Every structure is written in C-alpha cells, then in structure tokens.
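Quick notes on the structure that follows.
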Amino acid sequence: MTAAAFLSVVLIHLAAAMSPGPSFVVSVRTAASEGFKVAAALAMGFGLGAAIWAVAALAGLALLFEIAPVLLTVLKVGGGLFLCFIALMMWRHAAEPLAEVEADAPPRSIASAIRLGLMTQLANPKPAVFFGAVFIGLVPAGTPLPTLIALLALIFINETLWYIFVARAFSIAQARAAYMRLKAMIDRLFGGLIAFFGLKIALT
C-alpha cells in the first residue's frame with residue numbers, strides 16, 4: 008500500500024466523519040446537556056464503533072452484504088429502530104428540567120457514555136459499506152498487518168478527535184446556557200433529526 012493511498016483513506020474517512028449524521032446530533036446534545044467529560048467519553052465510543060466497522064469491512068462484511076442483502080436489510084432496520092428509540096426518549100423527556108452537571112459527578116457514567124457512542128455508531132451499518140468501497144479501491148490485498156493496524160488506529164483517532172472537538176465546542180458555558188434556555192425545543196428538534204436519520208437508514 009502506497010503512502011498516497013494510505014493518506015487518501017485517512018483523509019476520506021475524516022471528511023466522512025465530519026459530515027452531519029446521527030452521531031453528530033447525539034454528540035451536540037450530550038455536550039450541551041451533560042458537559043465535556045461525558046461527551047468526550049461518547050466520542051471514544053464513536054471512535055470504537057468506526058474502528059469496528061472498518062475491521063468488519065476488512066474482514067469482508069461489505070462483500071457479504073452484496074452476497075446476502077437480507078443481512079444488510081436486517082442490520083439497517085435494527086439500527087434504524089435503535090436510533091428511533093433514542094429519538095423517542097429525547098421527545099419524552101424534552102420538557103424535563105436539566106440537572107446541574109458537577110465536574111466530578113456527571114449524570115451519565117463514562118462507561119455508559121462510551122457504550123451509548125458505540126451503540127449509536129453500530130446502529131448504522133452504512134460505514135461498513137463505506138469502508139468496504141474505500142478499502143477495495145485503496146487497500147490492496149497483501150497489505151502488511153502493521154500498515155492495517157496503523158490505518159485502523161488513525162480511523163479511531165479521526166473519529167474520536169473530531170467528536171472531542173464537537174464536545175468542546177458545544178460544552179462551553181455560552182452553548183450550555185443557550186441549551187438550558189431552549190431545552191424543550193432543542194431536544195424535540197434533535198429528536199426529530201435522529202428519528203429522520205433512523206428512518207432513512209432503515210428505509211434506504
């Protein structure tokens with residue numbers, strides 16, 4: 008694998024990670040409502056999910072989806088329903104006041120935030136298809152294992168660092184104060200967006 012191809016995969020993935028989707032919506036809402044520490048842990052979950060889908064693509068899952076499209080359909084519907092469940096919870100609790108976040112006692116545990124990020128990322132099987140398409144064109148057969156490990160590490164770093172940036176941007180005092188003033192409206196808006204993404208994943 009050439010250095011140019013390696014860099015191309017990393018940059019293509021970074022662009023994809025930065026494109027708006029359900030992970031972005033969950034990240035913004037978590038950062039504004041629960042603070043930077045929880046949102047940073049959420050980012051780690053997103054990074055782990057991206058790495059898992061990349062490993063799955065390298066293992067041939069994207070090809071398996073082509074051979075057995077019903078498997079992709081099952082994963083898409085299941086993932087879409089999971090996102091719709093998140094959206095429903097946001098709608099149900101939109102009018103509830105926001106508990107104050109203490110620096111040493113976030114309302115959601117770090118492990119729980121990582122788990123939410125991982126499940127949100129894995130709810131969308133499209134990254135496996137994305138990675139499969141990119142890898143087929145840019146990662147040749149016989150690529151040395153250390154190169155593949157480095158590629159997976161950078162995919163994890165790309166995803167995690169981008170969402171840590173999002174977490175920092177939306178957890179500052181001004182963003183949090185604005186969220187607290189408009190919580191019901193923002194939660195319903197974000198819930199609607201997540202439901203839209205969930206339905207889009209399940210139906211396309």
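Mapped onto this note's numbering, the consecutive letters of the sequence shown carry residue numbers 8 to 211.
A virtual CB, placed ideally from N, CA and C, is assigned to each residue, including glycine.
It should be emphasised that the depicted structure is a prediction, and the values quoted were computed from it without experimental measurement.
Residue i to residue j span [Cα, whole Å]
i: Gly6; j: Ala102; result: Nothing about residue 6 can be reported from this structure: the residues present for the chain run from 8 to 211 only.
i: Gly47; j: Glu166; result: The sequence given here places Ala at residue 47; Gly does not occur at that position. When rounded, the distance between both Cα atoms is 11 Å.
i: Ser40; j: Phe31; result: 14 Å
i: Glu109; j: Val45; result: Reliability of the predicted coordinates at Glu109 is poor, the pLDDT of 46 falling under 50, and no value is obtained from them.
i: Met51; j: Val77; result: 30 Å
i: Pro134; j: Ile59; result: 10 Å
i: Leu49; j: Gly42; result: 11 Å
i: Thr211; j: Leu189; result: 32 Å
i: Val33; j: Ile117; result: 15 Å
i: Leu82; j: Met192; result: 31 Å
i: Ile156; j: Val17; result: 13 Å
i: Leu55; j: Leu125; result: 6 Å
Identity of the residue in the options nearest residue i by Cα
i: Phe142; options: Ile162, Ala130, Phe204; result: Ile162
i: Gly67; options: Phe138, Ala57, Ser116, Ala50; result: Phe138
i: Ala14; options: Trp98, Leu90, Val146, Ile117; result: Reading off the sequence, residue 14 comes out as Leu, not Ala. Leu14 has its Cα closest to that of Val146, out of Trp98, Leu90, Val146, Ile117.
i: Ala10; options: Arg99, Thr150, Leu90, Met126; result: Thr150
i: His20; options: Asn131, Ala57, Gly28; result: Ala57
i: Ala12; options: Thr154, Gly205, Phe204; result: Thr154
i: Phe204; options: Ala23, Leu88, Leu159; result: Leu88
i: Leu129; options: Asp194, Met8, Leu79; result: Leu79
Residue i, enclosing alpha helix (DSSP H) - first and last residue
i: Ser34; result: 29 to 41
i: His20; result: 10 to 25
i: Gly67; result: Element bounds for Gly67: n/a, residue is neither H nor E.
i: Gly124; result: 117 to 129
i: Pro153; result: 152 to 178
Buried/exposed call for residue i, threshold 16 Cβ in 10 Å
i: Gln181; result: exposed
i: Ile74; result: exposed
i: Thr127; result: buried
i: Ala106; result: Any answer about Ala106 is weak, because its pLDDT of 49 lies below 50 and its placement is not dependable; what the coordinates show is given next. By the 10 Å Cβ count, Ala106 comes out exposed.
i: Met97; result: buried
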